[in-house]
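Written out below as structure tokens is the structure these notes cover.
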Amino acid sequence: MHRAYFTMGRSQRFWLRSLTNVVMAFMVVVGLMKMFTQFQSPHEAQTSEPQPVIRKVTMVYGNRTSYYRGLKTHEDHSLKFGYPMTVLRKPILGGYWSKPAILLSALIEEMEKPEEDQAKWLFWFDGDTILMNPNIPLDIFLPPPQFDDTHLLMTSDWNGMNNGVFFIRVNQWAIELLSATLAYPTSHPEVSLLFADQSAMDNVILEHEYFRRSIVFYPLRWFNAYPRNADAVDLNPDRPVDSQVHHGDLLVHFPGAPPDRFDEIMDPYLKVAEAHTPEWELPLQKTGYMKEITDFWRDRHELLFGDTPESSDNLA
Numbered sequence: 359m360h361r362a363y364f365t366m367g368r369s370q371r372f373w374l375r376s377l378t379n380v381v382m383a384f385m386v387v388v389g390l391m392k393m394f395t396q397f398q399s400p401h402e403a404q405t406s407e408p409q410p411v412i413r414k415v416t417m418v419y420g421n422r423t424s425y426y427r428g429l430k431t432h433e434d435h436s437l438k439f440g441y442p443m444t445v446l447r448k449p450i451l452g453g454y455w456s457k458p459a460i461l462l463s464a465l466i467e468e469m470e471k472p473e474e475d476q477a478k479w480l481f482w483f484d485g486d487t488i489l490m491n492p493n494i495p496l497d498i499f500l501p502p503p504q505f506d507d508t509h510l511l512m513t514s515d516w517n518g519m520n521n522g523v524f525f526i527r528v529n530q531w532a533i534e535l536l537s538a539t540l541a542y543p544t545s546h547p548e549v550s551l552l553f554a555d556q557s558a559m560d561n562v563i564l565e566h567e568y569f570r571r572s573i574v575f576y577p578l579r580w581f582n583a584y585p586r587n588a589d590a591v592d593l594n595p596d597r598p599v600d601s602q603v604h605h606g607d608l609l610v611h612f613p614g615a616p617p618d619r620f621d622e623i624m625d626p627y628l629k630v631a632e633a634h635t636p637e638w639e640l641p642l643q644k645t646g647y648m649k650e651i652t653d654f655w656r657d658r659h660e661l662l663f664g665d666t667p668e669s670s671d672n673l674a
């Protein structure tokens, strides 16, 4: 296997540049699909009709207690709203490369179903996230119907794109993007990748307008907020306020936390989430989500189409 899949070093329509890349991606997916049933959530086979629009996907393995406590917060949220959830519990590729691989496998599994049984979107969340407000349904973040060419909902921070939490539409475009991401170390061996799969995905997007035009970047706080102070009580005055988790926000993400301190760093936030306090678990209507999301898409509609929808119903 290419050495890039074991390192964390740096660095129109898209078609894979060589047969080798296609074969590599295909072999990864076939291998995953053979093992896939081992890693399904026990809730996934019990979903009621009609099929949920959103399916959650993540990977959690190793011996860090905080990861499994965090996963439990996502499981509770999935049970509340009926989201099937797939958890990869064994590494397939080195480093973080199992992420695009398991996502690609989930996409193919969905697309082989009859259309009426397919999930329409996948929601990826990294293992170092905690679901802070289980009253927030994920479907509020999906684009309005008139934006049917939007296939990826991402956030960015001071390092650029962050793919720790994102939505990706179940379609051919998504398969092409993830295949290209997986193939990137092989097709670009001269490029070092600081953030592994994240840098590869970012490069693929930057290099191909076909992908760029179907991506929308949301405010970081909506579904990829970062921690405030270590005690989870006060905001950190040394970091942008808009990047930090607030009361009522969906989740908190801990990118860049030292691996040997994960449990220590996540514990105060896990205790908050596990306490289920009304201060943090605001009802949806008492958060700013609905207004902010409606305003966001209204502004985007005006930017792209030159007019404003007559009512917010046209953006639902």
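If you read the sequence shown in this note's numbering, its first letter stands for residue 359, the second for the next number, and so on. Each residue gets a CB set at the ideal place from its N, CA and C atoms; glycine is no exception.
Cβ neighbour criterion (16 or more within 10 Å) applied to T423: By the 16-neighbour rule on beta-carbons within 10 angstroms, T423 is exposed.
Could you tell me whether the segment 431-446 touches the segment 486-506, using the rule of 3 or more Cβ pairs below 8 angstroms? By the criterion of at least three beta-carbon pairs nearer than 8 angstroms, the segment 431-446 is in contact with the segment 486-506.
From what residue to what residue does the beta strand (DSSP E) around H611 run? In the DSSP assignment, H611 falls within the unbroken beta strand (DSSP E) covering L609 to H611.
Taking just the CA atoms, how far does R579 sit from N421? So the alpha carbons of these two residues sit roughly 29 angstroms apart.
Kindly indicate which three-state DSSP category W531 falls into: helix, strand or coil? If DSSP states are grouped into helix, strand and coil, W531 belongs with the helices.
Hey, quick one: how far does the beta strand (DSSP E) through T487 stretch, first residue to last? Taken as a continuous stretch (DSSP letters only), the beta strand (DSSP E) holding T487 covers T487 to L489.
Does the beta-carbon of L511 have 16 or more other beta-carbons within 10 angstroms, so that it is buried, or is it exposed? It counts as buried.
The beta strand (DSSP E) enclosing V562, as first and last residue numbers: Judged by DSSP secondary structure, V562 falls outside any beta strand (DSSP E) and instead within the alpha helix (DSSP H) spanning D555 to E565.
Quick check for students: name the residue ranges of the beta strand (DSSP E) that lie wholly in the segment 625-650, counting only runs of 3 or more. Correct list: empty.
At 3 residues or longer, and completely inside the segment 565-600: list those beta strand (DSSP E) runs for me, N to C. With a minimum length of 3 residues, the continuous beta strand (DSSP E) runs that stay inside the segment 565-600 are 573-575.
How far does the alpha helix (DSSP H) with F439 in it reach, from first residue to last? From DSSP, the alpha helix (DSSP H) with F439 extends over T423 to F439.
Measuring CA to CA, which of P613, T539, N582 and L593 is closest to F569? If we check each option's Cα against that of F569, T539 comes out closest.
Which parts of the segment 460-531 are runs of the beta strand (DSSP E), unbroken and 3 residues or longer, counting only runs that do not cross its ends? If we require 3 residues or more, the beta strand (DSSP E) runs fully inside the segment 460-531 come out as 479-483, 487-489, 510-515 and 518-527.
Closest residue to Y627 among F505, A588, W531 and N529 (Cα-Cα distance): The candidate whose alpha carbon is nearest that of Y627 is A588.
Could you tell me how far apart the beta carbons of I554 and W455 are, in whole angstroms, since I believe they sit closer than 8 angstroms? In the sequence under discussion, the amino acid at residue 554 is Ala, which differs from the Ile named in the question. 7 angstroms between Cβ atoms; contact.
DSSP three-state assignment for I450, whether helix, strand or coil: Here I450 sits in coil by DSSP.
In angstroms, rounded to a whole number, what distance separates the CA positions of D596 and I526? Distance between the alpha carbons of D596 and I526 is about 32 angstroms.
Could you round the C-beta distance between Q409 and A477 to whole angstroms and report it? I think they count as a contact, below 8 angstroms. Correct: roughly 7 angstroms between the Cβ atoms.
Closest to F654 by CA distance: which of A558, M624 and I498 is it? Of the listed residues, the one whose Cα sits closest to F654 is I498.
Tell me the DSSP bridge mates of R413? Looking at the DSSP output, R413 sits in a beta bridge with L480.
Using CA atoms only, rank isn't needed, just tell me which of P492, Y584 and E470 is closest to N520. Shortest Cα-Cα distance from N520 to any of P492, Y584 and E470 involves Y584.
Just to confirm my understanding: we take F620, look at its own chain, exclude 5 residues before and 5 after, and list those with CB closer than 6 angstroms. What are they? The residues are R422 and S424.
How do the segment 605-612 and the segment 635-649 stand: do at least 3 beta-carbon pairs fall below 8 angstroms, yes or no? Contact between the segment 605-612 and the segment 635-649 is established, with three or more Cβ pairs separated by less than 8 angstroms.
Report buried or exposed for N517, applying the criterion of at least 16 other Cβ atoms within 10 angstroms of its Cβ. So N517 ends up on the exposed side.
Does R571 pass the burial test, meaning 16 or more other C-beta atoms within 10 Å, or should it be called exposed? It is exposed - the Cβ of R571 has fewer than 16 other Cβ atoms within 10 Å.
Write down the C-beta distance between A558 and P543 rounded to the nearest angstrom, noting that I regard them as a contact closer than 8 angstroms. Confirmed, Cβ separation roughly 7 angstroms.
Using 10 angstroms around the beta-carbon of Q643, count the other beta-carbons present and answer buried if the total reaches 16, otherwise exposed. Exposed: under 16 other Cβ atoms inside 10 Å.
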